[in-house]
Amino acid sequence: MQKLPIGIQFFDSLREGNFLYVDKTEQIHRLINTGTFVFLSRPRRFGKSLLVSTLQHLFQGHRELFGGLWIEDKVDWQPRPVLVINFNDLDYREQPLERALTNHLDRLAAENEIQLRAEHYKEKFQELIVRLSEEQKIVLLVDEYDRAITDLLEDEQKVAEHIATLKNFYSVLKTTAANHIHWTFLTGISKYGKLSLFSDLNNLLDITLDERFATLLGYTQEELERSFPDRIDALAERFSVSRAEMVEAIRFWYNGFSWDGKQTLYVPFSTLVFFELQSFENHWFATATPTFLIKLLRQKQLPAYALERLRADNTLLDSADVNNINVISLLFQTGYLTVKRVHPSLRGTRYDLGYPNHEVSQAFQQYLLAEFINVSTSQIGTLLLADLQEALEGERLERFITILNAIFAGIPYTLFLPEEAYYHSIVYLVLKLLGFSILAEPLSSQGRTDAVLELPDKIYILEFKMSSAQIALDQIRARGYAQPYRASGKPVVLIGIAFDREKRTIGDWKSESAIILL
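Residue numbers are given in the working numbering: position 142 of the sequence shown equals residue 142, and the series is strictly consecutive.
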């Protein structure tokens, strides 16, 4: 078996080291023949830097690195000057961004045996492009174009300074494009900065949601099974399951990222680490804790259950105002939400969003619950899950309510929000982390109930109120929320829960077995 390229971001190192490479060169060929200024946004660990490195060697004419790949006989391999600007290489935390850019451009010039005469970073950038293109137009590749912004989203002043600097920096492209640049590719995690930084580039083509490039980065299901057959077989043997069962388990945990609502993808990093460690863990999520996002979600008071089912349009997904951050847009751009379905129409395209897979939903909800109830993520499993699971499985509802009240009682007063959605969010997250099938606000012919919890041998229907438990129970009965589950053959238990604003607990609850009309 070929070695797994974990953490390898340079195409030459990958190919010369005989590491596994999932051939994406057919789509790369389509990419380089699309537009002149191309922009692509993808979450972290999706292989953006490897793509930039691949493009660099392709345009530099290094045919020997592409032996056996689709593109080997599809281009003329005539070398062209390539300028790569990688914001991962800039130190903008310990010094002003202007100085970091100046130093970086001087290094790039020295690598090309050029002595820059200009002193200001903007003029240096322009001079470097002009001098590199003396014989033929250059290819410009920019990796992590937005890092100096997204790394510092909590520092509004620094973000504003960096946007001003980068806007000035990228303005060079408008004046040099026609005579000096053959093709430009810019990539990063978010669209924060795209609109303000590139407002002068009226020919910038954003392919982020372009279905032609939906699988340019990431592994499809077919690519996974074709590229890792021996490793899948080894895992099936290790876990004593069939190959089909192992494929389904891998899909459940790690597949699901999508930008067209049709083709779903695996993050290369978590896939490679999974095959290396042979364990079902949160490999992608663990590389960066979304602390800022979690706190932002709580500040915006967005109900946790709402993240399971969202509808958005292009305006929302493209939202890039750092002064008024849209939490849904940021969750999508950073990969915690993905496209589940696309609804094209003459009035504009709309997108259904949701968690991509089990890894992301489980880990994100655990961190979100920890933020809501003010405990560490490591405490959640030991404090909550075992007792709650036993209580629900045994229909010990008084014990279930007692545990929930203990959770509410532990939340500091300063963090508490006396809103129904806040209580609802906490109960939803707790139940979701138990591993049961839970539907938040499922739609019936009579409206929406707050939650349906399906166990192997029973179904719970829950309704939450700030008034009284009896009103909640009456609503479940009056609106026939139990009727859709009559075909299941399982007993249905109705639970009405009333929250007490003053005591910040569950003030009252009632339950009864459902009578389902046949």
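We put the beta carbon where it would ideally sit given N, CA and C, even for glycine.
All values derive from a computational prediction rather than experimental measurement.
Residues that DSSP places opposite residue 343 in a beta bridge: Numbered from its first residue, the sequence shown carries residue 343 at position 343. Answer is 350.
Where the alpha helix (DSSP H) through residue 495 begins and ends: Here the question's residue 495 lines up with position 495 in the sequence shown. Per DSSP, residue 495 belongs to no alpha helix (DSSP H); it is in the beta strand (DSSP E), 492-500.
Among 170, 163, 205, 248, nearest to residue 323 - alpha-carbon criterion: On the sequence shown, position 323 is the one that residue 323 refers to. Ranking the options by Cα distance to residue 323, first place goes to 163.
Candidates 309, 305, 168, 510: closest to residue 423 by CA position: Taking the first residue of the sequence shown as 1, we reach residue 423 at position 423. Looking only at 309, 305, 168, 510, the smallest Cα-Cα distance to residue 423 is reached by 305.
Coil, strand or helix - residue 451 by DSSP: By one-based count along the sequence shown, residue 451 stands at place 451. Residue state, collapsed to three classes: strand.
Among 217, 298, 294, 297, nearest to residue 271 - alpha-carbon criterion: Taking the first residue of the sequence shown as 1, we reach residue 271 at position 271. Ranking the options by Cα distance to residue 271, first place goes to 217.
DSSP-derived helix/strand/coil call for residue 432: Here residue 432 corresponds to residue number 432 of the sequence shown, with the count starting at 1. DSSP places residue 432 in helix when its eight states are reduced to three.
Minimum C-alpha distance to residue 259 - residue among 288, 332, 279: Residue numbering aside, residue 259 sits at position 259 when the sequence shown is read from its first letter. Looking at 288, 332, 279, the one whose alpha-carbon comes closest to that of residue 259 is 332.
Residue nearest to residue 472 in terms of C-alpha spacing, selected from 22, 494, 141, 455: If you number the sequence shown from 1, residue 472 lands on position 472. The shortest C-alpha to C-alpha distance from residue 472 to any of 22, 494, 141, 455 is the one to 494.
CB of residue 221 within 8 Å of CB of residue 243, strictly: For this step, residue 221 is matched to residue 221 along the sequence shown. For this step, residue 243 is matched to residue 243 along the sequence shown. Not in contact: residue 221 and residue 243 (Cβ atoms no closer than 8 Å).
Identified DSSP bridge partners for residue 364: Within the sequence shown, residue 364 is the residue found at index 364, counting from 1. Per DSSP, none; premise fails for residue 364.
Pairwise C-alpha distance: residue 255 and residue 238: Within the sequence shown, residue 238 is the residue found at index 238, counting from 1. Within the sequence shown, residue 255 is the residue found at index 255, counting from 1. Spanning the two alpha carbons is a distance of roughly 21 Å.
Residue 397 versus residue 496: straight-line alpha-carbon distance, rounded: As a working mapping, residue 397 is identified with position 397 in the sequence shown. As a working mapping, residue 496 is identified with position 496 in the sequence shown. A direct Cα-to-Cα measurement between residue 397 and residue 496 gives close to 11 Å.
Backbone secondary structure at residue 283 - three-state DSSP: What you label residue 283 is simply residue 283 of the sequence shown in a count that begins at 1. Of the three classes helix, strand and coil, the one that applies to residue 283 here is coil, per DSSP.
Neighbour-count burial assignment, residue 88, 16 or more Cβ in a 10 Å radius: Translated into positions along the sequence shown, residue 88 becomes position 88. With fewer than 16 Cβ atoms within 10 Å of its Cβ, residue 88 is classed as exposed.
Contact the segment 178-197 vs the segment 140-154: 3+ CB pairs below 8 Å: The segment 178-197 vs the segment 140-154: in contact.
Best match in 317, 291, 11 for proximity to residue 154 [C-alpha to C-alpha]: Walking along the sequence shown from the start, residue 154 turns up at place 154. Comparing Cα positions, the closest option is 291.
Three-state secondary structure assigned by DSSP to residue 57: The count along the sequence shown starts at 1 and reaches residue 57 at position 57. Helix at residue 57.
Residue 162 - DSSP class collapsed to helix/strand/coil: Taking the sequence shown and counting its residues from 1, one reaches residue 162 at position 162. Of the three classes helix, strand and coil, the one that applies to residue 162 here is helix, per DSSP.
Endpoints, alpha helix (DSSP H) assigned at residue 481: Taking the first residue of the sequence shown as 1, we reach residue 481 at position 481. It is not in any alpha helix (DSSP H) - residue 481 carries neither H nor E in the DSSP assignment.
Check whether residue 70 and residue 12 have beta carbons under 8 Å apart: Taking the first residue of the sequence shown as position 1, residue 70 is located at position 70. Taking the first residue of the sequence shown as position 1, residue 12 is located at position 12. Contact check for residue 70 against residue 12 fails: the beta carbons are separated by 8 Å or more.
Touching by the beta-carbon criterion (3+ pairs, under 8 Å), the segment 169-184 and the segment 295-303: Fewer than three Cβ pairs drawn from the segment 169-184 and the segment 295-303 lie within less than 8 Å of each other, which leaves the two stretches out of contact.
C-beta contact flag for residue 2 and residue 53 at 8 Å: The residue given as residue 2 occupies position 2 in the sequence shown. The residue given as residue 53 occupies position 53 in the sequence shown. Cβ atoms of residue 2 and residue 53: not closer than 8 Å.
Residue 112 - containing beta strand (DSSP E), residue span: For this step, residue 112 is matched to residue 112 along the sequence shown. Counted as a single uninterrupted DSSP element, the stretch harbouring residue 112 is not any beta strand (DSSP E), since DSSP gives it neither H nor E.
Sequence ranges, alpha helix (DSSP H) only - wholly within the segment 66-132, length at least 4: Entirely contained in the segment 66-132, the alpha helix (DSSP H) runs reaching 4 residues are, in chain order, 97-111, 121-132.
Candidates 65, 50, 116, of which the one nearest residue 86 by Cα: What you label residue 86 is simply residue 86 of the sequence shown in a count that begins at 1. Minimum Cα distance to residue 86 is reached at 50.
Alpha-carbon to alpha-carbon, residue 47 and residue 485: Looking up residue 485 in the sequence shown gives position 485. Looking up residue 47 in the sequence shown gives position 47. Looking at the backbone, the Cα of residue 485 and that of residue 47 are separated by about 44 Å.
Which of helix, strand or coil DSSP assigns to residue 200: By 1-based counting over the sequence shown, the position of residue 200 is 200. Looking at residue 200 - three-state DSSP - the assignment turns out to be coil, as it is neither helix nor strand.
Selected residue, minimal CA-CA separation from residue 65, among 81, 38, 25, 45: Residue 65 sits at position 65 when you count from the first residue of the sequence shown. The candidate whose alpha carbon is nearest that of residue 65 is 25.
Span separating the alpha-carbon of residue 504 from that of residue 433: Within the sequence shown, numbered from 1, the residue matching residue 504 stands at position 504. Within the sequence shown, numbered from 1, the residue matching residue 433 stands at position 433. For residue 504 and residue 433, the distance between alpha carbons rounds to 22 Å.
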